[in-house]
Each structure stands twice: as structure tokens, then as C-alpha cells.
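Below is one structure, written out as C-alpha cells; the observations come after it.
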Amino acid sequence: MSLINLDQYTVKQNRAVLRVLDSLDRMDQRTGLHYSEKRAHERKDFRGIVWISLPDSDVADDQETTIKVWSRSISQSGLSFIYPFPIYRNSIMVGVPVQDTHVAWFRSEIVRQKEIQEEQFWEFGVRFLGKVIT
251 MSLINLDQYT VKQNRAVLRV LDSLDRMDQR TGLHYSEKRA HERKDFRGIV
301 WISLPDSDVA DDQETTIKVW SRSISQSGLS FIYPFPIYRN SIMVGVPVQD
351 THVAWFRSEI VRQKEIQEEQ FWEFGVRFLG KVIT
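Going by my numbering, the sequence shown opens with residue 251, and the numbers climb by one from there.
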């Protein structure tokens, strides 16, 4: 699986990013009260860049296995991000910026994938499994 970074998105994909994030936020506002009671941790809006990495990836050594993606919400137990393609694995690493130059890495699993067909993007729900101690 070849990954593409944010700076490799097409013009069309870059234009779609904000529409996708806005659309997902509106959907959350409509269903938020119902699902908020079922969540273990409160979600916070977080429109920012996070890193994802595919450990033990089967891609060629010269291809990128750590990329930047847009996140839209985060909680103590996980986050949501969007990407223009499906990801065909469950185990990933997620890097969350915590200070200007520091990134906290978490072993994570993809627990939800939803295609946003009209925009040709996917939304992913990720559960943190544990912080990587560096």
C-alpha cells in the first residue's frame, strides 16, 4: 500500500478537505447528544494535523510509511481523521502534536471506517491502545 502525504494531495482533494470536515462536524452536531452518553471520554474538536504510521508495513523501503493527515476530533481514548483512500489494516501508530516540536505517539487500532462518497474521502475512528514511551 502506497501512502500519500498532505502535500501530495491533488487540487481537488485539497478543496474537499474543509467540505468533508465541515460536513462531518454538522453530522456530529445532529447526532452528538445521542452518542455522547455512550462515549467513555468527552470528544474535543481538533482540526489539526496528526501523523499516522503503518508499523511493519509491507510497502517498499523507499516509500513513505509515516504521513500527515487531517484530524477533526480527539478524546482521551482516540481520535478521528480523514484520508482520501481506504486503509487496509487495523493496527497503526498515531502521532499527536503536544507542544511546538514534540509529538506523542500512540499504538492504535482503526475501529471505524466510513466512506464519504461524494467527496472521495474516508473518515477513520481510531482507538488508542497505549502511549509509546520514547
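We treat Cβ as the ideally placed atom computed from N, Cα and C, and that holds for glycine.
Keep in mind that this is a model prediction, so the values were computed, not measured.
Secondary structure of residue i, DSSP reduced to three states
i: Asp-257; result: helix
i: Gln-370; result: coil
i: Arg-280; result: helix
i: Asp-295; result: strand
i: Val-382; result: coil
Classification of residue i by the beta-carbon crowding that lies within 10 angstroms, buried from 16 upward
i: Val-353; result: exposed
i: Leu-304; result: buried
i: Ile-324; result: buried
i: Phe-335; result: exposed
i: Ser-321; result: buried
i: Glu-368; result: exposed
Run of the beta strand (DSSP E) containing residue i, from where it starts to where it stops
i: Leu-304; result: Where Leu-304 is concerned, there is no enclosing beta strand (DSSP E), given that its DSSP letter is neither H nor E.
i: Phe-331; result: 328 to 333
i: Pro-347; result: 341 to 347
Counterpart residues of residue i in DSSP-defined beta bridges
i: Lys-318; result: Trp-301
i: Ala-354; result: Val-346
i: Ser-325; result: Gly-328
i: Ile-360; result: Val-376
Alpha-carbon to alpha-carbon, residue j and residue i
i: Pro-347; j: Val-300; result: 7 Å
i: Val-361; j: Val-344; result: 13 Å
i: Gln-329; j: Arg-265; result: The question names Gln, but residue 329 in the sequence shown is Leu. Their Cα atoms are separated by approximately 22 Å.
i: Leu-256; j: Asp-278; result: 24 Å
i: Gln-326; j: Leu-274; result: 20 Å
i: Phe-331; j: Phe-374; result: 5 Å
i: Asp-355; j: Val-376; result: Per the sequence shown, the amino acid found at residue 355 is Trp instead of Asp. Those two C-alpha atoms are separated by around 13 Å.
i: Arg-357; j: Glu-365; result: 23 Å
i: Thr-351; j: Ile-342; result: 22 Å
i: Lys-318; j: Gln-263; result: 14 Å
i: Trp-372; j: Lys-294; result: 20 Å
i: Thr-315; j: Arg-297; result: 22 Å
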